[in-house]
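Student: The structure that follows is given in the form of structure tokens.
Chains as they are written, first to last, in the working numbering: chain F, 1 to 426; chain V, 1001 to 1286.
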């Protein structure tokens, strides 16, 4: 079950109270020399409403799980951590809350940010406020080039297009003889960027591939029967779909109702974000399905991932999605950077020192090793594979699991995306 | 065919909107929220039914029952809130129903959470049929039939029953009806509840074919608005025809030129507003 507003207040309040009352006692006993004993405040921005609310909830839950663990083991250098949670909504209000976190709550770092529109607005503000900001998500490469050319304080997530690139590379490997492709995505930057990128990648592997239909329904549409009829009429060999929210579930169900994937292959670059709603009854086997940067059922997963999945399931009766790990990595990397800087100076680092330490740092995250590239971009693995029903759940999972690193699937610093794709040696 | 299914659902919501506007002269923005409320209640009712050993094939029974039952919230809204603003300016009424939209959206999120909810694979429980060379889920046909039945039932009630005559009288001239001894408070409460039930039933019926999201109501209000403008405010026949026009044209647009999907509907809305501002059936009240 998702966190209700009341629970949310309770959790946030509880965390604050625990930070203010419970943990300083622990901290006084353990704070290292040169480290203040008061809690270190961490600002968190999480979407609470609308289509991305489940993603925001996942990020917040990952952060809370991290905070609980860290506080149990003595905090950061003996300083307990205290989360100050604010809502991410529209760009204007979120910028105000961001300023409040820094000016009024005096947080030492801000994490979070999912919507591209919001994160693009936050970028310049982060530079102006001179406080490290680690973004969970929401950064298409196009926009970032324009508004965050050389960020000093902002650390941003992977390019949105990586999922489409990974899917484009895996398509020819798993589906032979594809000649015609149709695409469907949401009518905003993410949907269009994914489709454009997927086409560019696929053309490199299958030069004579034809793109026969593209559909961009408005975000929030819940009836795709007409779209599916149009896709059937276009008779492509393969359908590429970049839906990532409830719409992924809906189109899967409505496609099953008319047997769409009996006559064509399917690629769902991002539907793994709502994986436990993709029930076996209507999700066929053999679709290429992307789980973004964390796969909860990874057979090669670390003990940390397994523990997280177990506790998450017990607490929320759901299986965690990728945003948990974007959030976990962000805050874990902050902790590692503080500790790294402390090792050099033997005192609690300034914000500038934290930023320096963050550049290039690598830590164990839920899904494995993750790092910050020196130009402040997150590096991690992407998980995609073919859907299967051979599992103990009532929803589809993937097997085999393909793990593709951003070192090969994300454009290098400074490169132009399409030019970079066209320069690949295949 | 996809368009007709969508039209069937749109008709139910728009019919609720029309009924309330025809009699109470209130443009109820919250009709979309009632639709969302019906959807979530339907999911819970079906979940409870199947969870307690009910045969999945009969899921439509708790679905409809849940959808209709939650429509009783209309009594609370009408008696508790709306009746205080009948004599106020329309702006107040719009603001009040808009406030309801926001409150109900939050209420849904607090009750059911923010993640999309659905009835799993029950949609496919009735199988598929071949119709005019296309594969159509039988469930869609059931919903279309149910919506037609509601349309006929509404038509019968409005033209052939005593309550229907009172409704039409009240829609025509409230003061006169009241002077003739009609208890308007009772009529308003019943009409609003009926209107609400149409919306919640629409939400419950659509949900097996899709997934519920807390903001799904907002999306529908816009489309229902287009239906009402095309059909004519306050007219039942207008709601029927408007829903069919919007549902089918959207479907045709996606086939022919996908970029036109939403634009086409608004082009028609504009055309109707310019050449026939009262809508296709705008003269007939209720």
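Every residue gets a Cβ at the ideal spot worked out from N, C-alpha and C, and that includes glycine. Note that the coordinates shown come from a computational prediction; the quantities given were computed from them, not determined experimentally.
Just verifying my parser: in three-state terms, what is the DSSP assignment at residue 380/F?
Tutor: coil
Student: Within the chosen definition, does the region 1266-1277 of chain V reach the region 1222-1233 of chain V through at least 3 CB pairs nearer than 8 Å?
Tutor: yes
Student: List, from N- to C-terminal side, the beta strand (DSSP E) runs of 3 residues or more that fit wholly inside the region 272-335 of chain F.
Tutor: 288-290
Student: Taking 7 Å as the threshold (beta carbon to beta carbon), is residue 1002/V in contact with chain F?
Tutor: Taking Cβ atoms only, chain F reaches closer than 7 Å to residue 1002/V, which makes this a yes.
Student: Is the beta carbon of residue 111/F sitting closer than 7 Å to the one on residue 55/F?
Tutor: no
Student: Measure the alpha-carbon distance for residue 21/F versus residue 340/F and round it to whole angstroms.
Tutor: Any reading at residue 21/F needs caution, since the residue's pLDDT is 40, under 50, leaving its predicted position unreliable; the model's value is listed next. Distance between the alpha carbons of residue 21/F and residue 340/F is about 28 Å.
Student: For residue 419/F, count neighbouring C-beta atoms within 10 Å of its own C-beta (all shown protein chains included) and say buried if the count is 16 or more, exposed if not.
Tutor: Flag for residue 419/F reads exposed.
Student: Fully enclosed by the region 188-267 of chain F, which beta strand (DSSP E) runs are 3 residues long or longer?
Tutor: 210-215, 238-241
Student: What are the boundary residues of the alpha helix (DSSP H) that residue 71/F is part of?
Tutor: 53-72
Student: Given 8 Å as the limit, is there contact between the region 1055-1068 of chain V and the region 1177-1186 of chain V, that is, 3 or more CB pairs closer than that?
Tutor: No: fewer than three Cβ pairs fall under 8 Å.
Student: Answer with yes or no whether the minimum CB distance from residue 1006/V to chain A is below 7 Å.
Tutor: Included in the structure are the protein chains F and V, with no chain A among them.
Student: Determine contact between the region 406-414 of chain F and the region 180-200 of chain F, defined as no fewer than three beta-carbon pairs at a distance below 8 Å.
Tutor: The region 406-414 of chain F is not in contact with the region 180-200 of chain F.
Student: Is the Cβ-Cβ distance between residue 386/F and residue 286/F less than 7 Å?
Tutor: yes
Student: Could you pull the start and end residues of the alpha helix (DSSP H) that residue 132/F belongs to?
Tutor: That residue, residue 132/F, is in no alpha helix (DSSP H); it is neither H nor E in DSSP.
Student: Fully enclosed by the region 1007-1049 of chain V, which alpha helix (DSSP H) runs are 4 residues long or longer?
Tutor: none
Student: Between the C-alpha atoms of residue 1157/V and residue 1233/V, what's the straight-line distance to the nearest angstrom?
Tutor: Rounded to the nearest angstrom, the two C-alpha atoms are 19 Å apart.
Student: Can a CB atom of chain V be found closer than 7 Å to the CB of residue 426/F?
Tutor: no
Student: For residue 342/F, which residues from the same chain have a beta carbon less than 8 Å from its beta carbon, with the 5 sequence-adjacent residues on both sides left out?
Tutor: Taken in chain order, the residues that qualify are 32, 34, 35, 77, 348, 349.
Student: Which word fits residue 415/F, buried or exposed, when buried means at least 16 other C-beta atoms lie within 10 angstroms of its C-beta?
Tutor: exposed
Student: Between the Cα of residue 305/F and those of 168/F, 366/F, 215/F, 228/F, spot the shortest distance and give me the residue it belongs to.
Tutor: 366/F
Student: So, is residue 73/F buried or exposed, given that buried needs 16 or more other C-beta atoms within 10 angstroms?
Tutor: exposed
Student: At which residues does the beta strand (DSSP E) containing residue 412/F begin and terminate?
Tutor: That residue, residue 412/F, is in no beta strand (DSSP E); it is neither H nor E in DSSP.
Student: Of all the options 1116/V, 1140/V, 1074/V, which has the alpha carbon lying nearest to the alpha carbon of residue 57/F?
Tutor: A check of alpha carbon separations from residue 57/F across 1116/V, 1140/V, 1074/V identifies 1116/V as the nearest.
Student: Against chain F, which members of the region 1032-1054 of chain V pass a CB distance test of less than 9 Å?
Tutor: Going along the region 1032-1054 of chain V in chain order, one finds no residue with a Cβ nearer than 9 Å to chain F.
Student: Using a Cβ-Cβ cut-off of less than 8 Å, list which residues of the region 1174-1195 of chain V approach chain F; keep chain order.
Tutor: none
Student: Counting only runs of 4+ residues fully inside the region 1235-1275 of chain V, write out the alpha helix (DSSP H) ranges in chain order.
Tutor: 1236-1256, 1261-1275
Student: Quick test of your reading: residue 82/F and residue 42/F, contact by CB under 8 Å. State the CB separation rounded to the nearest angstrom.
Tutor: 7 Å
Student: What separation, rounded to the nearest whole angstrom, lies between the Cα atoms of residue 116/F and residue 360/F?
Tutor: Straight-line Cα distance between these residues: approximately 24 Å.
Student: Are there three or more Cβ pairs, one per stretch, closer than 8 Å when the region 394-401 of chain F is compared with the region 290-304 of chain F?
Tutor: yes
Student: Quick one: list the residues of chain F neighbouring residue 1114/V, beta-carbon separation under 7 Å, in chain order.
Tutor: Going along chain F in sequence order, the residues near residue 1114/V (Cβ under 7 Å) are 2, 53, 54, 57.
Student: Within 7 Å of any Cβ in chain F, is that where the Cβ of residue 1016/V sits?
Tutor: Residue 1016/V does not count as touching chain F.
Student: Identify the continuous beta strand (DSSP E) that holds residue 34/F and give its terminal residues.
Tutor: For residue 34/F, there is no enclosing beta strand (DSSP E), since its DSSP letter is neither H nor E.
Student: Would you kindly report the start and end of the unbroken beta strand (DSSP E) that includes residue 1147/V?
Tutor: Counting along the chain, residue 1147/V sits inside no beta strand (DSSP E); it lies in the alpha helix (DSSP H) bounded by residues 1138-1160.
Student: Is it true that the region 1046-1065 of chain V meets the region 1156-1170 of chain V, where meeting means three or more beta-carbon pairs spaced less than 8 Å apart?
Tutor: no
Student: Is there a Cβ of chain V sitting closer than 7 Å to that of residue 226/F, yes or no?
Tutor: At a cut-off of 7 Å between beta carbons, residue 226/F contacts chain V.
Student: Who are the neighbours of residue 1251/V on chain F, taking C-beta pairs under 7 Å?
Tutor: 226
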